[in-house]
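The numbering used here puts the last residue of the sequence shown at 262; the count rises by one with no breaks. Glycine included, C-beta positions come from ideal geometry on N, C-alpha and C. The structure under discussion appears below in the form of structure tokens.
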Amino acid sequence: MRKRLLTLAAAAGLLAATVVVPAAPAMAAPTFKVPFKCGQAWSGQTRTNHSPAYSIDFNRTDDLGDPVVASAPGTVDRVTDLGGTSYGKYVRISHSGGYHTYYAHLNGFNVSVGQSVGYGSVIGYVGSTGGSTGPHLHYEQRLNGSDIQIRFNGALALYWGTKTYTSDNGCSGSSGSGTVNTSGTPLTVRSGPGTGYSSVGTVADGTRVTIQCQTTGTTVTGTYGTSNIWDRIGSGRFIADAYVHTGYDGFIPGVPRC
């Protein structure tokens with residue numbers, strides 16, 4: 005439990021109580037999850053002749069039309085149909101820190117460009133479009149445009165071979181909660197994890213908030229000490245964890261990283 009409290013005078017200066025204000029706060033890698041509904045088991049195959057090399061092909065019995073869900077919170081930036089070539093129908097999601105995920109050979113779409121998605125959000129349906137020879141999901145993770153080895157919940161996928169992955173995407177308990185404590189002053193909500201991001205509103209002292217995910221950003225001194233952890237409480241809405249009573253010092257166990 006957090007134990008250190010600041011004085012009322014210190015809390016009153018919460019909007020300016022920053023130690024470091026970087027122009028672009030460092031972002032931790034998102035916590036990616038298996039891109040299917042909670043509890044489903046899928047066979048994921050990696051192979052050296054796959055293009056790109058680190059992508060995974062997911063299959064299970066009678067999977068044509070099965071829902072595909074977002075692997076992590078983000079914003080849809082591509083919903084594209086390449087016809088009978090390459091990825092065919094595919095969706096790309098932009099995540100924090102320069103990460104993207106790709107979902108290819110879809111049978112159909114369930115999102116549009118600019119839409120915010122979270123864990124468990126259905127983005128499309130398993131298909132066999134493009135250069136596919138049978139129904140499956142082609143899945144990729146990329147960083148700054150480069151294909152990277154895939155991780156689920158921080159654990160490296162199997163390279164090379166076939167492994168069964170059971171999804172915890174969208175399962176209950178994947179979010180946390182906390183209570184804002186500012187000794188009376190409204191807490192500023194930012195568009196990103198840091199004081200350098202624009203203000204998009206305030207949260208009143210004593211408000212109970214749902215924390216969708218957590219990340220690192222500007223270091224802030226608040227009611228519960230000094231911390232660089234920021235809590236996402238909605239799409240494009242972040243608050244400094246130093247002003248939120250969660251019952252934990254540091255990251256909340258079980259809550260994903262943004």
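For residue i, count the other beta carbons within 10 Å of its own beta carbon; 16 or more makes it buried, fewer makes it exposed. Which is it?
| i | result |
| --- | --- |
| R4 | Since the first and last residues shown for the chain are 5 and 262, residue 4 lies out of range. |
| S59 | buried |
| G258 | exposed |
| P260 | buried |
| P39 | buried |
| D67 | buried |
| D172 | buried |
| G92 | buried |
| P29 | Per-residue confidence for P29 stands at a pLDDT of 43, beneath the threshold of 50, marking its modelled position as unreliable; the derived number appears in the next sentence. Buried: at least 16 other Cβ atoms inside 10 Å. |
| A108 | buried |
| D245 | buried |
| S150 | exposed |
| Q218 | buried |
| G78 | buried |
| T35 | buried |
| A33 | buried |
| R98 | The sequence as given places Ser at residue 98; Arg does not occur at that position. When all chains shown are included, S98 counts as exposed. |
Are residue i and residue j touching if we call contact CB-CB under 8 Å?
| i | j | result |
| --- | --- | --- |
| N111 | T133 | yes |
| Q216 | G122 | yes |
| V126 | V95 | no |
| S75 | K41 | no |
| G135 | T89 | yes |
| G226 | Y252 | no |
| T220 | S181 | no |
| V130 | V83 | no |
| F62 | L191 | no |
| I2 | V204 | Lying outside 5 to 262, the shown extent of the chain, residue 2 is not represented and no answer is given. |
| N185 | H249 | yes |
| T170 | A45 | yes |
| T230 | T223 | yes |
| S47 | T189 | no |
| Q49 | T166 | yes |
In the DSSP assignment, find the unbroken beta strand (DSSP E) run with residue i in it and report its ends.
| i | result |
| --- | --- |
| F242 | R241 to A244 |
| G135 | Element bounds for G135: n/a, residue is neither H nor E. |
| W234 | G229 to G238 |
| N63 | I60 to N63 |
| R82 | G78 to D85 |
| Y169 | G165 to T170 |
| V38 | From DSSP, V38 is part of no beta strand (DSSP E); its letter is neither H nor E. |
| V72 | P71 to V73 |
| A45 | A45 to T50 |
Beta strand (DSSP E) segments (min. 3 residues) lying fully within the segment 177-219:
Complete beta strand (DSSP E) runs here, min 3: 180-184, 191-194, 203-207 and 212-215.
State whether the segment 193-202 contacts the segment 148-163, with contact taken as three or more CB pairs (one from each stretch) at a distance under 8 Å.
no
Let me know the beta strand (DSSP E) ranges lying completely inside the segment 89-162, each 3 residues or longer, listed in chain order.
93-98, 103-108, 110-113, 126-130 and 141-147
Contact between the segment 137-147 and the segment 51-65 is defined here as three or more beta-carbon pairs at a separation below 8 Å; is this criterion met?
A contact exists between the segment 137-147 and the segment 51-65.
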